[in-house]
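Numbering (the numbering used here), first residue to last: 287 to 464. No residue lacks a Cβ here, since even glycine has one placed at the ideal position from N, Cα and C. Please read the structure below before turning to the comments.
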Ligand code: ATP
Ligand code: MG
């Protein structure tokens, strides 16, 4: 019996305190690009990507990287401005999800935005639920909200066992950290 499989868009979450969340998402983007799929990577927090991956991903016409709000201040007395930027960024993410031109969208560090309460979780979950049914979405960042974990199809928690930054006060190594 031959089975024709329609693509089922998955909601994927990489969270936890161990290293490898963004790297895992980039690896998945790379794998998808190998199939000619079109991937959009949205950066919620400036500086979460390194020159290494930016230079490398430029070689793939299937992958587009777009930084969102870059002016987050994270100051307790200035959360309104952060919230405004988060909303603007999220608006853009929603437009891209609905556009229908992407096979996969990576929302890098969205969990951080959510855990700081800069975006209402309900709004985010509703938009994720109403995305095109064949669109894969990958969300990264520490402290993924329980409600997001509950509705995701694939969740991996990176567990910190050892990191040279803590254990050896080792400087960031090229190709590993940047
Ligand atoms: P990566 O981008 O290497 O996959 P990540 O996405 O899992 O890491 P983030 O929480 O986004 O990690 O952290 C951002 C930066 O902190 C990265 O440069 C990463 O290498 C570094 N980092 C990640 N985990 C740890 C850790 N447990 N201790 C110290 N630094 C870390
Ligand atoms: Mg990361």
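DSSP, reduced to helix, strand and coil, places residue 329 within a strand of the structure shown. Straight across, the Cα-Cα distance linking residue 317 with residue 357 is about 31 Å.
Runs of the alpha helix (DSSP H) spanning 4 or more residues and lying entirely within the stretch 392-431 occur at 396-401, 407-415, in chain order. Distances taken from the Cβ of residue 362 to the heavy atoms of ligand 2 include none shorter than 7 Å. In the three-state DSSP reduction, residue 443 falls in the strand class (E or B).
Rounded to the nearest whole angstrom, the C-alpha separation of residue 393 and residue 298 is 10 Å. For secondary structure counted as the alpha helix (DSSP H) over 4 or more consecutive residues, the stretch 306-364 holds these complete runs in sequence order: 307-319, 337-343. Look at residue 383 here: in three-state DSSP terms it is helix. Counting only heavy atoms of ligand 2, the residues whose C-beta sits closer than 7 Å to one of them are, along the chain, 307, 308, 334, 394, 395, 426, 427. In this structure the stretch 328-337 does not lie against the stretch 444-452, because fewer than three pairs of beta carbons, one per stretch, are closer than 8 Å.
Judged by DSSP in its simplified three-state form, residue 462 adopts coil rather than helix or strand.
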